[in-house]
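All remarks here apply to the structure that follows.
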Amino acid sequence: MKIFLGVLCLAAAALAQPQQYDLLLKGGHVIDGRNHLSALRDVAIRAGRIAAVAPDIPAAQAHKVVDVTGLYVTPGLVDIHVHVYAGTGQRNAYSGDNSVYPDGFTFRAGVTTVADAGSSGWRNFPDFKDRVIDRSRTRVLAFLNIVGHGMGGGKIEQNLEDMDAKATAQQALKYKDVVVGVKTAHYAGPEWAPVERAVEAGTEANIPVMVDFGSFRPERPYQDLVLKKLRPGDMSTHMYLGAVPMLDDAGRVLPYLFEARKRGVIFDVGHGAGSFLWRQAVPAMKQGFIPDSISTDLHISSMNAGMKDMLNVMSKFLIMGMPLDEVILRSTWTPAREIKREELGHLSVGAPADVAVLRLRDGDFGYVDVYGARMKGTKKLECEATIRDGRVVWDLNGITREDWDKLPARYTAQGDGRWDGTLGATVRGRRK
Ligand SMILES: [Zn+2]
Numbered sequence: 227m228k229i230f231l232g233v234l235c236l237a238a239a240a241l242a243q244p245q246q247y248d249l250l251l252k253g254g255h256v257i258d259g260r261n262h263l264s265a266l267r268d269v270a271i272r273a274g275r276i277a278a279v280a281p282d283i284p285a286a287q288a289h290k291v292v293d294v295t296g297l298y299v300t301p302g303l304v305d306i307h308v309h310v311y312a313g314t315g316q317r318n319a320y321s322g323d324n325s326v327y328p329d330g331f332t333f334r335a336g337v338t339t340v341a342d343a344g345s346s347g348w349r350n351f352p353d354f355k356d357r358v359i360d361r362s363r364t365r366v367l368a369f370l371n372i373v374g375h376g377m378g379g380g381k382i383e384q385n386l387e388d389m390d391a392k393a394t395a396q397q398a399l400k401y402k403d404v405v406v407g408v409k410t411a412h413y414a415g416p417e418w419a420p421v422e423r424a425v426e427a428g429t430e431a432n433i434p435v436m437v438d439f440g441s442f443r444p445e446r447p448y449q450d451l452v453l454k455k456l457r458p459g460d461m462s463t464h465m466y467l468g469a470v471p472m473l474d475d476a477g478r479v480l481p482y483l484f485e486a487r488k489r490g491v492i493f494d495v496g497h498g499a500g501s502f503l504w505r506q507a508v509p510a511m512k513q514g515f516i517p518d519s520i521s522t523d524l525h526i527s528s529m530n531a532g533m534k535d536m537l538n539v540m541s542k543f544l545i546m547g548m549p550l551d552e553v554i555l556r557s558t559w560t561p562a563r564e565i566k567r568e569e570l571g572h573l574s575v576g577a578p579a580d581v582a583v584l585r586l587r588d589g590d591f592g593y594v595d596v597y598g599a600r601m602k603g604t605k606k607l608e609c610e611a612t613i614r615d616g617r618v619v620w621d622l623n624g625i626t627r628e629d630w631d632k633l634p635a636r637y638t639a640q641g642d643g644r645w646d647g648t649l650g651a652t653v654r655g656r657r658k
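Residue numbers (my numbering): 227 to 658.
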């Protein structure tokens, strides 16, 4: 009788606990820098949010269970330097043909959030928003270029007349849901005005500034940029660019770089097609001048050369000796904080369910810098699955899918099979 009652109680408990989660990632190694977590954990998702992270969440509590044993489960990657103002038809410009539409390149690399680094300025930002930001499944944020016309190429980006701090700050405040910073880039002249006006706009709108220093000229030394001109929280991107004064004749990292970091200036990778040199990065990494944030500078040229994608850039830091937990931290929570989006880049309960499921492969791999020099390595990160707001948006090997011969005979009636909470319920319904 006692046993019978016990069984009844168990049954009642099961009834009282319906499948409360839409999706459960089971058996993976979770890396979440914000929550100081690097351990085996299950991750449960409900209604597009992280609902639970715990050592053993019962499979029966979820509509859909995905076995991620042997894989790493991380926050969706946050790439704060990309160029995605595509579709304008403008040739030879990042506000045009040099940009790419984000969704084709982000999800397959585990990236769920990007920040466009100044492809648009205050004048053409509404067009960028309409053309790309509002239509993308990737979360697209933006740095506004201090140049009103943004990265139109050539003389457009050299025009001091079009660098209006007030108008930039006003536009940033008007679109503060999306605009996360101010960018200055590609400037060739001797003046400090582009940097100073970007900082003025950033101060007025209370957002950080990201600097691509353009031509390095004696009239405006890079040392002054990071020691005097930038505020704490402002960013110097392209940190391993060949032009950055990095090493003395004996190969030691110059002390001013550590001083700048101590001041609170942030150093971001921004790999791109011209800004990542093994000869700068390897000695710098060995001596502790490591990046705050890892970013790609994704655009049409970089993605087909040494940069490739976010995971390829992250893998470069792995093979230079950065521990995996650090690589993930600097590609998720750290960049999210830099752009003051602290709701992103972690897997806390209640956070948007943006998740990357990564495989760390062992093998013989080669990594190429922007001048075509190779470094060999034995590690490579690969993206098995990406989840954006609780929905699977990339699935390399079908780990979130059913085997074809276990589905009902007429499974083609269920559309393209892209799984989400709704379709999961549909599959079960049709099996009856
Ligand atoms: Zn760029």
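Just so it is clear, CB atoms sit at the ideal spot from N, CA and C, and this is done for glycine as well.
Handout entry: H464 to Q287 span [Cα, whole Å]
Key = 46 Å
Exercise for the section: Give the range of the alpha helix (DSSP H) segment to which D329 is assigned. Expected result: Per DSSP, D329 belongs to the alpha helix (DSSP H) from D329 to T332.
Exercise for the section: Could you work out which residue in F439, D450 and L480 is closest to G500 when comparing CA atoms only? Expected result: F439
Handout entry: C235 (DSSP reduced to helix, strand or coil)
Key = Reliability of the predicted coordinates at C235 is poor, the pLDDT of 47 falling under 50, and the value obtained from them is presented with this limitation in mind. The answer is helix: DSSP assigns C235 an H, G or I state.
Handout entry: P281 in three-state terms, based on DSSP
Key = coil
Problem - Exposure of D642, with buried meaning 16 or more beta-carbon neighbours within 10 Å - result: Residue confidence is low: D642 scores 44 on pLDDT, short of 50, so the model does not pin down where it sits. No coordinate-derived value is stated.
Practice task
Would you kindly check if the distance between the Cβ of T338 and the Cβ of T612 is under 8 Å?
Solution key: yes
Practice task
Rounded to whole angstroms, what's the CA-CA distance from V583 to G624? Just pull it up for me.
Solution key: 12 Å
Handout entry: Distance cut-off 7 Å: G496 Cβ against heavy atoms of ligand 1
Key = Checking the Cβ of G496 against ligand 1 gives yes.
Exercise for the section: With a 10 Å radius around its C-beta and 16 neighbouring C-beta atoms as the bar for buried, classify F484 as buried or exposed. Expected result: Classification of F484: exposed, given that the 10 Å Cβ count is below 16.
Problem - Close Cβ partners of A395 (< 7 Å) along its chain, the five nearest in sequence each way excluded - result: A427, E430 and A431
Exercise for the section: Report yes if the C-beta distance between V575 and A278 is below 8 Å; otherwise report no. Expected result: yes
Problem - Straight-line Cα distance separating L266 from T295 - result: 9 Å
Exercise for the section: May I ask you to check if the CB of D305 is nearer than 7 Å to at least one heavy atom of ligand 1? Expected result: no
Problem - Complete beta strand (DSSP E) runs within the segment 240-271 (minimum length 3 residues, chain order) - result: DSSP runs (the beta strand (DSSP E)) wholly in the segment 240-271: 247-258.
Practice task
Compute the distance between the beta-carbons of R357 and W620, then report whether it is under 8 Å.
Solution key: no
Practice task
Measure how close the beta-carbons of T604 and D595 come, nearest whole angstrom, since I'm counting them as under 8 Å.
Solution key: Not quite, the Cβ-Cβ distance comes to about 18 Å (not below 8 Å), so this is no contact.
Handout entry: Rounded straight-line distance, which links the Cα of L480 to that of R487
Key = 12 Å
Handout entry: C-alpha gap between M548 and I516, whole angstroms
Key = The alpha-carbon atoms of M548 and I516 are separated by roughly 9 Å.
Handout entry: Residue from L367, V366, D388 and R365 with nearest C-alpha to G376
Key = Nearest option by C-alpha distance: D388.
Handout entry: Completely contained beta strand (DSSP E) runs for the segment 584-642, where each covers 3 or more residues
Key = Counting only runs of 3 or more, we get 600-614 and 617-621.
Practice task
Would you identify the three-state DSSP class for K658, choosing helix, strand or coil?
Solution key: Residue placement at K658 is poorly supported in this model, since its pLDDT is 26, which falls under 50; the coordinates still yield a value, given next. Note: K658 maps to coil in three-state DSSP.
Problem - Inside the segment 293-325 only - beta strand (DSSP E) runs reaching at least 3 residues - result: 298-301 and 303-308
Problem - Reduced DSSP secondary structure (H/G/I, E/B, other) of V337 - result: strand
Exercise for the section: Return the CA-CA distance between D588 and L622, expressed in angstroms with no decimal places. Expected result: 18 Å
Exercise for the section: Throw me the rounded Cβ distance for the V435 and K566 pair, which I believe falls under 8 Å. Expected result: 13 Å between Cβ atoms; not a contact.
Practice task
Alpha carbon to alpha carbon, how far is V553 from D258? Give it in angstroms, no decimals.
Solution key: 11 Å
Handout entry: For N371, the residue or residues it bridges with in DSSP
Key = Paired residues: G347 and K409.
Exercise for the section: Say yes only if the C-beta of A368 is nearer than 7 Å to one or more non-hydrogen atoms of ligand 1, and no if none qualify. Expected result: No, Cβ of A368 sits at least 7 Å from all heavy atoms of ligand 1.
Practice task
Using the DSSP secondary-structure output, state which residues sit across from K290 in a beta bridge.
Solution key: Answer is L249.
Practice task
Would you list the one or two residues that DSSP bridges to Y466?
Solution key: F502
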